[in-house]
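**Student:** Sharing a structure, written as structure tokens. Questions coming.
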Amino acid sequence: MSKPDSIKVDQNEETVTEILEPAAELDKKIISPVKETRNQAIRYILWGLISVAVNFATFYTMYHLIGLEYQVANVISWVIAVQVAFWVDRLKVFDHHSHHVYREMGKFYATRIVTYVVEAIILWLLMSVLGSSAVLAKILGQAGAIIGNFLFSKLYVFRNK
Numbered sequence: 001m002s003k004p005d006s007i008k009v010d011q012n013e014e015t016v017t018e019i020l021e022p023a024a025e026l027d028k029k030i031i032s033p034v035k036e037t038r039n040q041a042i043r044y045i046l047w048g049l050i051s052v053a054v055n056f057a058t059f060y061t062m063y064h065l066i067g068l069e070y071q072v073a074n075v076i077s078w079v080i081a082v083q084v085a086f087w088v089d090r091l092k093v094f095d096h097h098s099h100h101v102y103r104e105m106g107k108f109y110a111t112r113i114v115t116y117v118v119e120a121i122i123l124w125l126l127m128s129v130l131g132s133s134a135v136l137a138k139i140l141g142q143a144g145a146i147i148g149n150f151l152f153s154k155l156y157v158f159r160n161k
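Numbered per the UniProt record's numbering, the sequence shown spans residues 1 to 161.
Shown next, in the form of structure tokens:
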């Protein structure tokens with residue numbers, strides 16, 4: 001009679017294993033990527049403050065201290081801030097290492113231009129068409145740009161194949 005008991009134990013162990021393996025797979029496929037995306041979003045926001053500071057500092061230096069025309073100062077500060085954001089996002093946010101740095105940089109700049117245009121359209125729609133306040137329009141435009149930049153970076157520029 002001891003033999004059937006050992007068979008039952010083996011069958012029970014298989015059943016428990018069969019139940020747990022799909023749960024472990026589910027964690028790897030669904031829960032882990034969600035946690036990683038959440039962590040990347042947090043890092044994106046925190047590290048992104050560096051590029052914002054660089055943008056403001058560069059603009060201030062170019063416009064107030066050097067005396068460049070404000071549009072020229074703004075373009076220079078944007079380019080430098082985007083370059084800083086590229087390296088911070090690549091190394092700190094997405095921990096991405098590949099041999100295609102210049103291709104990624106081109107994609108990064110292209111997506112930033114797209115989100116800049118989207119932000120400009122949001123500002124125009126909210127301010128000129130709907131008569132919204134400039135502050136609300138800028139906040140919503142920036143929110144759209146930040147979300148777009150994060151998604152483009154995660155899904156297009158720094159994605160792992």
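We put the beta carbon where it would ideally sit given N, CA and C, even for glycine.
Remember, it's a predicted structure, so these values are computed and weren't measured experimentally.
Taking Arg43 and Val82 to be in contact with their CB atoms under 8 Å, please state how far apart those CB atoms are, rounded to whole angstroms.
**Tutor:** Taking the sequence shown and counting its residues from 1, one reaches residue 43 at position 43. Taking the sequence shown and counting its residues from 1, one reaches residue 82 at position 82. Between Val82 and Arg43 the Cβ distance is about 18 Å, and since that is not below 8 Å, they are no contact.
**Student:** Alpha carbon to alpha carbon, how far is Leu46 from Arg112? Give it in angstroms, no decimals.
**Tutor:** Here residue 112 is taken as the residue at index 112 of the sequence shown, counted from 1. Here residue 46 is taken as the residue at index 46 of the sequence shown, counted from 1. Going by the C-alpha atoms only, they are around 18 Å apart.
**Student:** With a threshold of 16 other CB atoms inside 10 Å of the CB of Ser77, please say whether the residue is buried or exposed.
**Tutor:** Within the sequence shown, residue 77 is the residue found at index 77, counting from 1. Buried: at least 16 other Cβ atoms inside 10 Å.
**Student:** Which residue marks the beginning of the alpha helix (DSSP H) containing Asn160, and which one marks its end?
**Tutor:** Your numbering for residue 160 matches position 160 in the sequence shown. DSSP places Asn160 in no alpha helix (DSSP H); its state is neither H nor E.
**Student:** For Lys138 versus Gln40, is the C-beta spacing smaller than 8 Å?
**Tutor:** For the purposes of this step, residue 138 is identified with residue 138 of the sequence shown, where counting begins at 1. For the purposes of this step, residue 40 is identified with residue 40 of the sequence shown, where counting begins at 1. The beta carbons of Lys138 and Gln40 sit no closer together than 8 Å.
**Student:** Within 8 Å, do at least three Cβ pairs link the region 129 to 148 to the region 104 to 119?
**Tutor:** yes
**Student:** Quick one: grab the DSSP three-state call for Asp89.
**Tutor:** Within the sequence shown, residue 89 is the residue found at index 89, counting from 1. Three-state DSSP puts Asp89 in a helix.
**Student:** Is it buried or exposed, Leu65, if we count other Cβ atoms within 10 angstroms and call 16 or more buried?
**Tutor:** On the sequence shown, residue 65 is found 65 positions in, with the first residue counted as 1. With fewer than 16 Cβ atoms within 10 Å of its Cβ, Leu65 is classed as exposed.
**Student:** Does the beta-carbon of Arg90 have 16 or more other beta-carbons within 10 angstroms, so that it is buried, or is it exposed?
**Tutor:** Start at 1 with the first residue of the sequence shown, and residue 90 comes out as number 90. It is buried - the Cβ of Arg90 has at least 16 other Cβ atoms within 10 Å.
**Student:** By DSSP, does Phe108 sit in helix, in strand, or in coil?
**Tutor:** Taking the first residue of the sequence shown as 1, we reach residue 108 at position 108. Three-state DSSP puts Phe108 in a helix.
**Student:** Under 8 Å by Cβ, that's how I've got Leu136 and Leu126 pegged, so tell me the actual separation to the nearest angstrom.
**Tutor:** Mapped onto the sequence shown, residue 136 falls at position 136. Mapped onto the sequence shown, residue 126 falls at position 126. Leu136 to Leu126, Cβ: 7 Å. Contact.
**Student:** Measuring straight from C-alpha to C-alpha, what distance separates Met62 and Leu68?
**Tutor:** Within the sequence shown, residue 62 is the residue found at index 62, counting from 1. Within the sequence shown, residue 68 is the residue found at index 68, counting from 1. Going by the C-alpha atoms only, they are around 6 Å apart.
**Student:** Residues in the same chain with beta-carbon distance under 6 Å from Leu123, minus the five sequence neighbours each way, listed in chain order, please.
**Tutor:** Along the sequence shown, one-based indexing puts residue 123 at 123. If we look at Leu123 and ignore the five residues flanking it on each side, its Cβ neighbours are Ala137 and Gly141.
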